[in-house]
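Protein chains in written order, with numbering that gives the first Met the number 0: chain A, 0 to 396; chain B, 0 to 426; chain C, 0 to 279; chain D, 0 to 429.
Step one of this worksheet: look at the structure below.
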Amino acid sequence: MNAIVDTATAPTSTAEIIAHCQALFDDLNFTAARAWKNAVPGRKVVGFLPVYAPLELIHAAGCLPLGLFGGGDRMEVIHGDAYYQSYICRIPRSTVELGVTGRLDFVDGMIFPFVCDVIRNLSGMWKIMFPNVWSKFFDTPQNFDPEIGGRYYAAELQELREGLQALTGRTISDDDIRRSIALYNDNRRLVRAVYDFRARTPWKAPTSEVYLLMRAGLMMEVEEHNRLLSAYLAAAEAEDRPKRDNVRIAVYGSFCEQPPLNLIKSVEMAGCYVVEDDYALVNRFLTEDVPVEGDPIAALARAYIETSVETSCKYVPREEDKGKFHIEQVKKARAEGVIYATPSFCDPALLDRPMICRRLTEAGIPHIAFKYAENSGQMQPIREQAGTFADSLKLWS
Amino acid sequence: MSEAVKEPSMLLQKEMIAKNYDAITSKHQSGRKVSSTFVPGNLNELLASFGILNNLPEINAIQNGMRKLSGDYILEAEKSGHSEDVCTYVKADIGMMGKGNIAPNGKPFPDPDVLLLSYTGCYTFMKWFELLREEYKCPTLMLHVPYEGDGHSTKNMRDYIVSQLKEVIIPGLEQVSGVKFDIDRLREALRNSAKAEDDLVWVLEQGKRTPSPIDAYFGGVYYIGPIFTAFRGTPEAIAYYQALRKEVQARIDAGVGPVTPDGSNFSDQKYRLVVEGPPNWTSFRDFWKMFYDEGAVVVASSYTKVGGMYDLGFRHDPDHPLESLADYCLGCYTNRNLPTRVDILTKYVEDYQADGLLINSIKSCNSFSAGQLMIMKEVERRTSKPGAFIETDLVDPRYFSAANVKNRLESYFQMIEQKRRGAARAA
Amino acid sequence: MTEIVTAGIDIGSGCVKTVLFRVNGDHVEWLDKETARIRNRDPFQLADEIYDAMLKRAGLARSEVAYAASTGDAEALRFATGHFYSMTTHGRGAVFLNPDARAVLDIGALNGRAIKVDGSGKVLSYKMTSQCASGSGQFLENIARYLGIAQDEIGTLSQAADNPEKVSSICAVLAETDVINMVSRGISASNILKGIHVSMAARLAKLLKSIGARDGMVQMTGGLALDVGLVDALGEALAQEKVSLVAASHPDAIYAGAIGAALWGAFRHEKLSRLEVLAA
Amino acid sequence: MRCFIGIDLGSTTTKAVVMDENLDVLGRGITNSRSNYDTAAAVSKQEALIDTRLTLFRRALASVPSVAGEVDTILADLERNFRHIQFLEQLEDLERTAIANIKGPRFAGRERAVVDVLEETFRRLRAQSAALFIPGARRKSDFFRDLAGSDFMHVGETVCREAGLGFDVILNVYDKSILEVENRPPAGDMEGKFIRALEKGTMDAGAIAEPVRAALAIPLEETYVVGTGYGRVRLPFPKEHIRSEILCHGLGAHMMYPGTRTVLDIGGQDTKGIQVDAAGIVENFQMNDRCAAGCGRYLGYIADEMNMGLHELGPLAMASTKQVRINSTCTVFAGAELRDRLALGEKREDILAGLHRAIILRAMSILSRAGGVKDQFTFTGGVAKNEAAVRELRKLIKENYGDVEININPDSIYTGALGAATFAVRAVVN
Ligand SMILES: Nc1ncnc2c1ncn2[C@@H]1O[C@H](COP(=O)(O)OP(=O)(O)O)[C@@H](O)[C@H]1O
Ligand SMILES: Nc1ncnc2c1ncn2[C@@H]1O[C@H](COP(=O)(O)OP(=O)(O)O)[C@@H](O)[C@H]1O
Ligand code: SF4
Ligand code: SF4
Ligand code: SF4
């Protein structure tokens, strides 16, 4: 595998940038992350699962946060299936497979953020399977009162900080964290810029590209991702691509186990431009900048409490707010409809689905729903459903 | 099907449950308030101290499962847009609402006055009550109980729960009930709880005897009934457990096993099992029969710990009321991390001298099921006793394949038998 | 408004269907139809053959067809002018066959689809069955063959059932064994078939409900619409649901997709020519 | 002589093994499972007894000096003739049944035409039948249902076309009749058929007639029968005559290869991983869950879809040079997946290779669930007959568990029945 492209000096075309991202995405041996680790003795890599982890802390500890979002459709899962019944979603299996086949043997720590009971239990399995890897189940608050949930969360962040200090053997100063927050603020701004760009000119930024760009970003240093994002924005803006007679849609429900790339492409092929989505939410989880002044831990906690997205793994304290976030985003991105695409057997998303869809209906936003698995092979039913949706938006609205 | 034979304690419990349903369905006459809340992490003593009645949707789902209504309810929920993939307790509950919301006593359930979302050990709870909230538009109080990811609770977790109790739950309940919080009433209830808990633990531990005078799974679900539901902290529960204890003592004295639904004492116990996971409710008796027909008795189970792990020493403590409620919530079985579950089950297999661990994996329940295959492997490795794995569902009759389950159980029992003979021959 | 000829080609997993229409504004004339079972043949080649056979009968050349619209699995059909997805076309086809239809159930060899439409055949909402397939036409066909029953006998036999035996398995493979077990227990073919119909109907009723169809006429399309046993079972399931939906079939139901394609083709052709006129 | 019989009533096939009291296998028989379980058991038992006779012939001929070195040829010839006679007999039954089934409104006015077509079809079938039984003939299957069925489709379609009659009518008559024929208890008089086969044979009957007749005269008494397999609960046996298939597979594998520690069985509807100890006692097992994805029936669906025999799938897949990745092993959608891939322009053999790999990947998961693979490893069940599946399995075992000795017996499909027969012997002899 190639070493990391120096995007700082080489302004590249979208094709080059995306090829680089695709290579990172396809590489289930994480060669680039291994190279990063080996480049400087003592470096540590900390893996994290969907849907949100405070990457700022990992970065401040001098570690590489490595996003682990399953094995996609390219991995043959043998041992992973031995740990799960058929009615459990795919992502924990392929994650276990990555672990037991030694592909993660360079990962020094693992963070299992709170998404659902499956990931929660996986954190315990990891402790049994890999007793020498530092691992942490990271339970974020479901109480959004700064004095209750906020205080609890700050203490949890502090505990995480201490865990990372123990792992790396170095202290993480408040300034370290502030510096990381600033870099991630840049990242969030650039990510939003790419999303805005796509919403404006979706034919210039196909979703499969945006997706690869974001996924690859979770496997590299944030500084590099920031450069890559800027380069992509510049290149995509400059390139002329044909505009097709597609409809504009938003995709929700895919915050954890990711759909196969072919599915993302199929939706577009069937006549839909994706202008908003919740794929790999991590880098869009906080919707605003985190203040760099004052107590950085408190700032992170506050940002989570006050400016994080609505998603299925978070409690919505007020009934009337349910689905509000989605509707606002749909309007902002000027999407004509919503595809609620969830992994099979994903309780959080599937139990949320009726509630969110009801709200969409109330708001007059057309929507359809289907399920997928990260290794879905048959795209025909997907094309048919997405295609009919596109037909209907095109012919009659 | 002939009427199942029931022991006196079961009849007593049946009466208690009926009385509670009557109290719930007559709330408009009595003017009492009704809450909905979940079994794991339920705050029955606290509710009782406000005079609020407790209606547990999981128990309703079980009742509907046993009365063969759940299948239709689940279909009803699926028709309204719920996925086939998700927890069937939720769908049975939602479907029941869709079909008139009739309580087991034949009267309509009144709308709850408050949803007490004690979010302990299961993610689905959160969605479940978001869904109910949408329906009832009633006050919803969320108590977030953090998961013991590292195998133990921390001070931060406990403080977090206690502050939620103080700032959210208690003021919320005061408002709903119009009653001022009275810590002494709470203490009194907690004192009652601890008494009943002592007797429950005694009963469950009798599974260590040979023959076992109890069945800690099929019988066990009756033993835990009152203390896991609306009766913890009440004098009725104390009386129930005294009666149960007497009943079990009588069997010990007679040297006989538990009573089966056929009415016979099941004393010819060939296999002793530890069972992990909830039972199937839609074919409960058939399922049970597959065990005692083959001579298998369950000596310990994890399902009887979902509403509190009293056998590991926890007791509600009148001297530290809110802290002990926090500890109770944190310590429920499904709020323990996987390595701890392995430790507990391993200990059961050893302490109860079981032939092995049997897992009944429930399609509905990710909280229990995700990771059970690893639990089995680990327990097998540590105890050198073979495990077995069967798959059913709680209340979805479509997922109970009798032939399939029977085949696996028989194979498992025959394997234990063959191993024993092999060992005898070698000796 | 000019008179044009349009064609619809529907490649399914079991059969290829083609139709030919003459359209002049609101005046629609159905010229011809043709169907062929795929049975291990190359469906595209088959489509070529029967399309040409149909044109030949009508005395038309390919070039005289203004819009050849494909649907079903025919995105890659070379001679098609454009493609519409099957729920778009089944909706339109159903309304053509039965102007009162406000919902459509398309039950083909592998998938079932429920579609809610308005009076013009416009799709309002829809849903497809997915994954496990014991409720599919293919499954019914396999069982019928196993029982030694011809396809057109299934319906009447099922109607004669007195005590249908439920098929509980969701997996077609396991359901197959269930059925074999039933035969070995001496359950009659009538009761077995009806049992399958009942479970299929339950799923389909569920599908209909989930798209929000509550009252009016449900037009069944696709091959299984011809199965009177299934139509009856669906009627019963809907009655049980206490919805005022009425299930109806049509002898040409299997052509619904192709019809819809041809008609949307005409619609699209007209729109495109209008755009051209505007551009010119 | 005393015969101990094990019957494995599987979801796809029913197998029987006959053993003597020294645990030597005398005969094996197999048939397709069908709705009448008693008949399936009886047919497989009869087939095993036929095979037992052949063993007895072999023993008898061993002492005839003039045929030394030719025994194999003689016996093969004898068996082929026997099979042909048996086939013709069943074909006749089928024809009679089919013609009797031509009644009712569907045939109104067309009876004569349908009968003509049927008679013509069967005439051609009979004429062709000899080719099925010439030395070295490749057959789609050994079961009458499949043999008669595939030829019937072929010939019937042609005859119908010539007669201008729809094939569906005939097909239905066939489906109905084969069901009846199959569920009739097996015809008796095995001895008579052997005599006729002997007479029809190309070999010199003089030297062998005597010993063969003598061997035919030995009474075969059914001393003890043990049933196992998926359908065992429906066998008309008392409970102590029934063993779980897990135990039988474990023991059967142990009987064939005493060094076996891990057994993989892929049958029609289930896949099992079994660990056994040095005495053949099961230590642990895992089966696929309620989903039948990736089991033998999957190959059946694929074969149907491709209009091929099960025998032919493996060899075609072996011809692949570029495996296509298949992710879903859902049996029902196998056909759809296949069509999807064909539509994308993939080659049949490459898709097939991918399908075989998918099945084996699933089996590997079950093995992993059952505690991995230990030396020696034995692969049993119908799918073990499939060379492409075996190739993938060998590859994956090596990649995941290193150098493990892998046993695959040509008679692996009988493993469960072998275990059951062993239990039968043990029940009486020990
Ligand atoms: N007369 C009939 N009675 C019952 N079923 C029929 C009849 N004709 C066709 N079918 C069924 O219809 C299915 C084909 O329907 P179709 O709508 O063409 O499906 P697809 O579009 O998937 O090919 C076949 O599975 C067949 O079993
Ligand atoms: N000759 C053969 N070549 C390849 N595969 C075969 C052959 N015979 C049987 N099979 C496979 O074996 C499966 C049946 O296996 P078997 O062990 O008999 O199953 P069961 O015990 O469940 O009936 C069939 O579904 C088929 O896939
Ligand atoms: S896909 Fe859904 S069920 Fe699976 S781990 Fe993620 S959130 Fe949980
Ligand atoms: S997922 Fe499990 S614990 Fe949660 S509600 Fe369902 S059955 Fe109960
Ligand atoms: S249960 Fe059956 S139909 Fe469903 S996925 Fe498995 S094999 Fe396919």
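Note that the Cβ used here is the ideal one computed from N, Cα and C, for glycine as well.
Anticipated Cβ contact below 8 angstroms, residue i with residue j, distance rounded
i: residue 217 of chain B; j: residue 278 of chain B; result: 7 angstroms
i: residue 42 of chain C; j: residue 4 of chain C; result: Going by Cβ atoms, the distance from residue 42 of chain C to residue 4 of chain C rounds to 23 angstroms, so no, they are not a contact pair.
i: residue 193 of chain B; j: residue 231 of chain B; result: Not confirmed; about 10 angstroms, so no contact.
i: residue 59 of chain D; j: residue 213 of chain D; result: 6 angstroms
i: residue 295 of chain A; j: residue 173 of chain A; result: 5 angstroms
i: residue 53 of chain B; j: residue 63 of chain B; result: Their Cβ separation, rounded to whole angstroms, is 18 angstroms, which puts residue 53 of chain B and residue 63 of chain B out of contact at 8 angstroms.
Same chain, Cβ closer than 8 angstroms to residue i, neighbours up to 5 away in sequence not counted
i: residue 132 of chain D; result: 79, 80, 82, 83 and 86
i: residue 291 of chain A; result: 177, 180, 181, 184 and 298
Chain A within 8 angstroms of residue i, Cβ atoms only
i: residue 364 of chain D; result: yes
i: residue 296 of chain D; result: no
i: residue 5 of chain C; result: no
i: residue 27 of chain B; result: no
i: residue 85 of chain C; result: yes
Any chain C beta carbon closer than 8 angstroms to residue i
i: residue 11 of chain A; result: no
i: residue 0 of chain B; result: Confidence at residue 0 of chain B is low in this model, with a pLDDT of 42, below 50, so the placement of that residue should be treated as unreliable; the coordinate-derived value is given next. Closer than 8 angstroms: no.
i: residue 167 of chain D; result: yes
i: residue 387 of chain A; result: yes
Per-residue contacts from residue i into chain A (C-beta, under 8 angstroms)
i: residue 163 of chain B; result: 142 and 147
i: residue 247 of chain D; result: In chain order: nothing, as chain A lies at least about 24 angstroms away.
Chain-ordered chain B contacts of residue i [CB-CB under 8 angstroms]
i: residue 284 of chain D; result: 410 and 414
i: residue 201 of chain C; result: 74
i: residue 242 of chain D; result: 413
Beta-carbon contacts of residue i that lie in its chain and below 7 angstroms, excluding the five residues immediately before and after
i: residue 253 of chain D; result: 259, 275 and 279
i: residue 222 of chain D; result: 1, 2, 3 and 427
8 angstroms Cβ cutoff, residue i in contact with chain B
i: residue 209 of chain C; result: yes
i: residue 377 of chain A; result: no
i: residue 205 of chain C; result: yes
Interface partners of residue i on chain B, CB under 7 angstroms
i: residue 7 of chain D; result: Within 7 angstroms Cβ-Cβ: nothing; residue 7 of chain D doesn't reach chain B, min ~14 angstroms.
i: residue 362 of chain A; result: Under the 7 angstroms cutoff, chain B gives no residues; its nearest Cβ is about 15 angstroms from residue 362 of chain A.
Residues near residue i in its chain [Cβ-Cβ closer than 6 angstroms; skip 5 each side]
i: residue 373 of chain D; result: 260 and 261
i: residue 119 of chain D; result: 158
Proximity test, Cβ basis, 8 angstroms: residue i and chain D
i: residue 75 of chain C; result: yes
i: residue 142 of chain B; result: no
i: residue 147 of chain C; result: yes
Interface residues of chain C facing residue i [CB-CB closer than 7 angstroms]
i: residue 80 of chain B; result: 209
Partners in chain C for residue i, counting only beta-carbon separations shorter than 9 angstroms
i: residue 178 of chain D; result: 145, 146, 147 and 182
(request) Determine, using beta-carbon pairs with one atom in the segment 231-244 of chain C and one in the segment 192-205 of chain C, whether at least three such pairs fall under 8 angstroms. (result) Three or more Cβ pairs drawn from the segment 231-244 of chain C and the segment 192-205 of chain C lie within less than 8 angstroms of each other, which places the two stretches in contact.
(message) With a threshold of 8 angstroms, are at least 3 pairs of Cβ atoms found where one atom belongs to the segment 88-99 of chain C and the other to the segment 244-254 of chain C?
(response) Yes, they touch.
(request) Could you tell me whether the segment 103-112 of chain A touches the segment 263-274 of chain A, where touching means 3 or more Cβ pairs closer than 8 angstroms? (result) No, because fewer than three Cβ pairs between the segment 103-112 of chain A and the segment 263-274 of chain A fall closer than 8 angstroms, the two stretches do not touch.
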